[in-house]
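Going line by line, the protein sequences match chains P and V. Under this note's numbering, think of the first position of the first sequence as 230, with each following residue one higher. Under this note's numbering, think of the first position of the second sequence as 4, with each following residue one higher. C-beta: ideal position from N, C-alpha, C; glycine also.
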Amino acid sequence: MLNLMRARIQQGQRTIRYPAGPPPDLPERFRGHPIIATGRCADGCRECAAACPTGAITLQPALAVDLGKCLFCAECAAACPDGALSFGTDHRLAARGRADLMVTESDTVRLATALEAKTRRLFGRSLKLRQVSAGGCNACESEINVLGTIVWDIGRFGIQIVASPRHADGLIVTGPVTANMRLALQETYAAVAPPKIVIAVGACAISGGPYIDHPEALNGAGAVVPVDLYVPGCPPHPLTILDGLLRLLGRLGTEGERRTHIAGTETAPPV
Amino acid sequence: MSAAPRLARLKAGTAIPRAAVPDLPWAEFSEALLDGVARGLRVVAYFAAPDENAVRFHLVMADDQESTLETCTTRIAGDAFPSLTRQCPQVNLFEREIAEQCGLRAEGHPWPKPVRFQPPLMPRTRVPDPAASIPGVVDFYRVEGSEVHEVGVGPVHAGVIEPGHFRFQCHGEQVFHLEISLGYQHRGIERALIGGPDRRSIHYLETAAGDTTIGHATAYCEIIEALSHTRPPARGAALRGIALELERLASHVGDLGALAGDIGFLPTASYCGRLRGDFLNMTADICGSRFGRGLVRPGGAPFDLDEALAARLLDRLARAFADCRSAIDLLWDTSSVMERFEGTGIVPRDVAMALGLIGPAGRASGLDRDARRDHPTGIFRFHHIPVALADSGDTFARAYVRWLEIQRSVAFIREMLKVLPRGAARTDVAPAGPLLLSVALVEGWRGEICHVALTDGSGRFARYKIIDPSFHNWSALAYSLRGQQISDFPLCNKSFNLSYCGHDL
Chain P
230 MLNLMRARIQ QGQRTIRYPA GPPPDLPERF RGHPIIATGR CADGCRECAA
280 ACPTGAITLQ PALAVDLGKC LFCAECAAAC PDGALSFGTD HRLAARGRAD
330 LMVTESDTVR LATALEAKTR RLFGRSLKLR QVSAGGCNAC ESEINVLGTI
380 VWDIGRFGIQ IVASPRHADG LIVTGPVTAN MRLALQETYA AVAPPKIVIA
430 VGACAISGGP YIDHPEALNG AGAVVPVDLY VPGCPPHPLT ILDGLLRLLG
480 RLGTEGERRT HIAGTETAPP V
Chain V
4 MSAAPRLARL KAGTAIPRAA VPDLPWAEFS EALLDGVARG LRVVAYFAAP
54 DENAVRFHLV MADDQESTLE TCTTRIAGDA FPSLTRQCPQ VNLFEREIAE
104 QCGLRAEGHP WPKPVRFQPP LMPRTRVPDP AASIPGVVDF YRVEGSEVHE
154 VGVGPVHAGV IEPGHFRFQC HGEQVFHLEI SLGYQHRGIE RALIGGPDRR
204 SIHYLETAAG DTTIGHATAY CEIIEALSHT RPPARGAALR GIALELERLA
254 SHVGDLGALA GDIGFLPTAS YCGRLRGDFL NMTADICGSR FGRGLVRPGG
304 APFDLDEALA ARLLDRLARA FADCRSAIDL LWDTSSVMER FEGTGIVPRD
354 VAMALGLIGP AGRASGLDRD ARRDHPTGIF RFHHIPVALA DSGDTFARAY
404 VRWLEIQRSV AFIREMLKVL PRGAARTDVA PAGPLLLSVA LVEGWRGEIC
454 HVALTDGSGR FARYKIIDPS FHNWSALAYS LRGQQISDFP LCNKSFNLSY
504 CGHDL
């Protein structure tokens with residue numbers, strides 16, 4: 230017994246105060262929201278789009294990055310000869326609409342708004358989610374799991390992962406949705422009593438990620454179920470997932486904000 | 004009695020011309036396999052690839068004593084091949100995989116069944132026939148009797164965990180038999196790698212088993228380097244070693260916390276849940292990603308440490324390890340924990356040997372196997388980490404081996420951070436050579452990862468085989484439930500903590 234108490238004292242209180250306090254520090258090399266500076270692009274240069282493994286970058290009419298396909302691997306930034314594309318440390322990426330994830334130089338991600346009032350009254354202080362891994366590689370699953378540990382403690386917000394879809398208010402889906410999991414995802418969704426929501430976590434669940442256009446997978450959860458929240462990343466940092474969940478529940482952020490600049494930078498990186 | 008046929012030999016992390024691999028008739032090929040296993044070799048890869056209108060089989064066996072691999076090949080025309088599983092249980096799943104991937108019948112296999120419920124390897128544009136096979140719908144081994152009941156769990160099962168189907172034959176609380184059916188996570192990685200490498204290849208490997216990014220990416224890079232006769236600089240090799248051991252640390256600490264959670268011992272479960280994040284954050288300090296995405300690339304490591312970062316990592320490592328010791332020692336000191344761990348889910352040494360068990364689970368059953376010592380590549384050629392062994396083969400042994408490995412990985416990282424070799428961390432890589440065979444073995448945290456690559460006349464992948472350690476170990480989990488309480492299933496499952504997506508690919 231004494232050794233249990235001794236350990237408890239040594240381990241200390243670890244739960245972060247966020248969102249009541251600032252978010253925890255992210256590593257310096259963390260790759261968050263992309264920073265686009267098209268003024269530096271050479272005429273006719275397509276290096277970034279050619280380097281992207283998932284085709285997340287389009288160049289017409291303007292350079293755009295689809296955060297739903299982006300793996301945040303920064304191959305584009307490495308390929309860019311002019312420093313026009315880089316990744317900042319802004320972790321806020323989650324959005325309500327698939328189209329909100331298309332970012333350009335002038336339009337950053339349109340951050341998630343809260344659920345409409347009636348649903349928020351039901352889920353705002355108690356949201357039970359069933360996790361469905363439909364081909365996920367276990368990285369997104371791990372980062373969701375970590376939200377239940379003491380540093381993040383999503384139990385503080387009434388958010389809990391439950392053992393059965395019958396106990397759940399919605400699904401939190403990872404993986405590109407393999408053909409072999411289509412039926413299981415459909416049945417699990419059907420087993421959740423309405424009203425229900427679906428959260429897609431990670432590039433795979435949003436667009437298929439590295440498995441885009443594989444005949445073995447379905448290009449994301451949207452092929453099978455309606456999605457209410459998209460959380461980009463490969464995998465998204467737990468802070469990005471938590472930010473998305475809190476916005477969805479109306480505990481963070483104002484309505485549909487787009488930022489005019491990206492946190493952590495005032496200008497694009499120097500040449 | 005003829006002498007056993009001579010096979011081609013190579014070291015892990017190297018490449019040989021495909022022409023040097025003996026192309027044997029089936030009788031000699033099968034004799035080589037059975038003779039090799041009788042001599043104490045292990046089958047690390049046994050797979051096939053379409054070869055014009057026939058199928059070519061490839062065998063790689065490991066001689067752990069000599070740190071050598073032996074390989075041969077054979078060609079099968081027709082639609083069937085003789086099964087060797089009855090004589091050699093460790094090829095069971097390999098044969099079922101060959102049958103499924105190449106559309107063949109394994110004649111004489113004790114119970115031929117799908118592995119991944121996937122269509123055969125075909126060109127990229129083929130769409131799978133949805134009616135062909137339904138995952139989880141097979142003849143499960145059944146026990147009949149008036150008091151016997153059958154419990155089916157999954158694919159979607161409690162907890163935040165990947166899908167699999169578990170079919171228990173039970174009598175009251177006691178499990179007579181467990182059978183595991185997987186394939187739900189099949190994404191078509193091996194099919195997609197044919198004709199590569201291309202810009203997606205490394206990302207397939209990093210997400211093959213996404214919690215073993217460093218392990219699989221290292222194996223892939225060793226293949227690319229072997230095929231192009233490139234050697235990463237010493238500093239790059241050291242950084243890869245640090246990354247691999249940090250990955251091991253995070254997973255082992257997380258597993259001990261999860262084991263504690265499964266028996267309701269909340270102190271260790273809570274503390275380890277946080278501590279796992281501390282190790283992941285160290286990896287993120289190096290490369291920006293908690294799972295090490297982007298940290299290992301052909302030619303070395305694209306991210307480097309300066310002295311300030313190395314010093315910070317040393318400090319964080321020391322503090323995290325002190326906290327780990329405080330959290331984990333509680334397990335061994337608490338009799339209610341030991342009561343649950345000891346004697347649960349035993350896999351005896353002879354069964355482990357027959358099944359070809361590897362990794363911490365194998366070492367917990369007394370099998371002295373570790374690719375870092377037996378087939379060292381990269382930094383492990385110069386720095387040796389003592390192998391952690393136990394002999395009871397139960398959940399306690401699988402937990403305690405992890406604790407020993409945590410301590411030894413911390414010591415290794417501490418030493419490496421202090422003596423990082425100078426110079427660049429990465430070098431350029433030439434294109435892969437034509438008509439080569441290369442094998443990489445990396446001791447991931449679940450066990451030995453094996454990749455085998457065969458290049459065609461233009462140096463592109465004709466076949467890329469990925470064998471995650473889970474491929475060998477799922478059968479041991481099934482075995483460990485025999486005679487156990489069904490309520491101990493989560494505990495046994497966590498004590499192995501195998502990868503579903505690494506198996507399904």
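Spatial neighbours of residue i within its chain, please: C-beta separation below 8 Å, excluding the five flanking residues on both sides.
| i | result |
| --- | --- |
| glutamine 90 of chain V | Leu37 |
| alanine 280 of chain P | Glu304, Cys305, Ala307 and Ala308 |
| proline 248 of chain P | Leu475, Arg480 and Leu481 |
| glycine 426 of chain V | Pro236, Ala237 and Arg238 |
| alanine 465 of chain V | Ala52, Ile197, Leu457, Thr458 and Asp459 |
| proline 133 of chain V | Caution is warranted here: a pLDDT of 46 is assigned to proline 133 of chain V, below 50, making its placement in the model unreliable, and no coordinate value can be reported. |
| arginine 237 of chain P | none |
| alanine 368 of chain P | Gly431, Cys463 and Pro464 |
Note the first and the last residue of the continuous alpha helix (DSSP H) segment covering residue i.
| i | result |
| --- | --- |
| glycine 155 of chain V | Counting along the chain, glycine 155 of chain V falls outside any alpha helix (DSSP H), though it belongs to the beta strand (DSSP E) covering 151–156. |
| valine 404 of chain V | 398–421 |
| serine 70 of chain V | It is not in any alpha helix (DSSP H) - serine 70 of chain V carries neither H nor E in the DSSP assignment. |
| arginine 12 of chain V | Unbroken run through arginine 12 of chain V is the beta strand (DSSP E), 11–13; no alpha helix (DSSP H). |
| leucine 501 of chain V | Premise fails: leucine 501 of chain V is in no alpha helix (DSSP H) and is neither H nor E. |
| serine 483 of chain V | 472–483 |
| threonine 221 of chain V | 216–230 |
| cysteine 277 of chain P | 276–280 |
| glutamate 55 of chain V | Looking at the DSSP string, glutamate 55 of chain V is not in any alpha helix (DSSP H), and its letter there is neither H nor E. |
Am I right that residue i and residue j are in contact with their C-beta atoms under 8 Å? What's the rounded C-beta distance?
| i | j | result |
| --- | --- | --- |
| valine 454 of chain P | isoleucine 470 of chain P | Actually they are not in contact, since the Cβ atoms of valine 454 of chain P and isoleucine 470 of chain P sit about 18 Å apart, beyond 8 Å. |
| valine 256 of chain V | cysteine 327 of chain V | 6 Å |
| histidine 378 of chain V | serine 70 of chain V | 6 Å |
| threonine 76 of chain V | valine 40 of chain V | So it is not a contact: roughly 18 Å between Cβ atoms. |
| threonine 286 of chain V | glutamate 310 of chain V | Actually they are not in contact, since the Cβ atoms of threonine 286 of chain V and glutamate 310 of chain V sit about 19 Å apart, beyond 8 Å. |
| cysteine 2 of chain V | glycine 213 of chain V | In the structure as shown, chain V starts at 4 and stops at 508, and residue 2 of chain V therefore has no counterpart that could be examined. |
| valine 432 of chain V | glutamate 228 of chain V | 7 Å |
| leucine 316 of chain V | leucine 420 of chain V | 6 Å |
Leaving out five residues on either side along the sequence, give the residues of the same chain with a beta carbon under 7 Å from the beta carbon of residue i.
| i | result |
| --- | --- |
| phenylalanine 301 of chain P | Arg260, Phe316, Gly462 and Cys463 |
| arginine 221 of chain V | Correcting the residue identity first, residue 221 of chain V is threonine in this sequence and not arginine. Result list for threonine 221 of chain V: Arg243, Leu247, Val299 and Val445, in chain order. |
| glutamine 415 of chain P | Val453 |
| alanine 15 of chain V | Leu72, His378, Thr380, Val442, Ala443 and Leu444 |
| proline 305 of chain V | Gly297 and Arg429 |
| leucine 407 of chain V | Ala391 |
With a threshold of 6 Å on Cβ separation, who are the neighbours of residue i within its own chain once the five nearest residues in sequence on each side are excluded?
| i | result |
| --- | --- |
| alanine 246 of chain V | Ile217, Gly295 and Leu298 |
| leucine 13 of chain V | Ile19 and Leu72 |
| threonine 489 of chain P | Caution applies to threonine 489 of chain P, whose pLDDT of 48 falls short of 50 and renders its modelled position unreliable; the model cannot decide the point. |
| valine 413 of chain V | Phe324 |
| proline 394 of chain P | Arg359, Thr417, Ala420 and Val421 |
| cysteine 275 of chain V | Val256, Leu259, Gly260 and Ala330 |
| isoleucine 382 of chain V | Ala240, Ala241 and Gly244 |
| valine 146 of chain V | Gln172 and Phe179 |
| proline 263 of chain P | Val294 and Phe316 |
| glutamate 495 of chain P | Interpretation of glutamate 495 of chain P is limited by its pLDDT of 42, a score under 50 that renders its predicted location unreliable; no figure is taken from the coordinates. |
With respect to the beta strand (DSSP E) encompassing residue i, which residues constitute its N-terminal and C-terminal limits?
| i | result |
| --- | --- |
| aspartate 295 of chain P | 293–295 |
| arginine 366 of chain V | Not the beta strand (DSSP E): arginine 366 of chain V falls in the alpha helix (DSSP H), residues 362–367. |
| serine 86 of chain V | Run containing serine 86 of chain V: none; DSSP gives neither H nor E here. |
| histidine 206 of chain V | Segment 204–211 is the alpha helix (DSSP H) holding histidine 206 of chain V; no beta strand (DSSP E) there. |
| alanine 109 of chain V | 108–110 |
Would the region 191–211 of chain V and the region 439–446 of chain P be scored as touching if the rule is three or more Cβ pairs under 8 Å? yes
Taking three-plus beta-carbon pairs below 8 Å as touching, is the region 398–406 of chain P in contact with the region 112–126 of chain V? no
Alpha helix (DSSP H) segments (min. 4 residues) lying fully within the region 240–306 of chain V: Within the region 240–306 of chain V, the complete alpha helix (DSSP H) runs of at least 4 residues are 269–290.
Inspect the CB distances between the region 51–63 of chain V and the region 90–108 of chain V and report whether three or more fall short of 8 Å. yes
What are the start and end residues of each continuous alpha helix (DSSP H) run of 4 or more residues lying completely inside the region 325–352 of chain V, in chain order? 338–344
Which ranges does the alpha helix (DSSP H) cover as unbroken runs of at least 4 residues, wholly within the region 355–402 of chain P, from first to last along the chain? 368–375
Threshold first: 3 residues or longer. Then list the beta strand (DSSP E) segments lying entirely within the region 418–498 of chain P, N to C. Qualifying beta strand (DSSP E) stretches, in chain order: 426–430 and 458–460.
Take every Cβ of the region 359–377 of chain V, pair it with every Cβ of the region 385–396 of chain V, and state whether three or more of those distances are shorter than 8 Å. yes
Below 8 Å, how does it come out for the region 376–384 of chain P and the region 265–279 of chain V: are there three or more Cβ pairs, yes or no? Contact holds: three or more Cβ-Cβ distances are below 8 Å.
With a floor of 4 residues, list each alpha helix (DSSP H) that falls wholly inside the region 285–339 of chain P, ordered by position along the chain. 304–308
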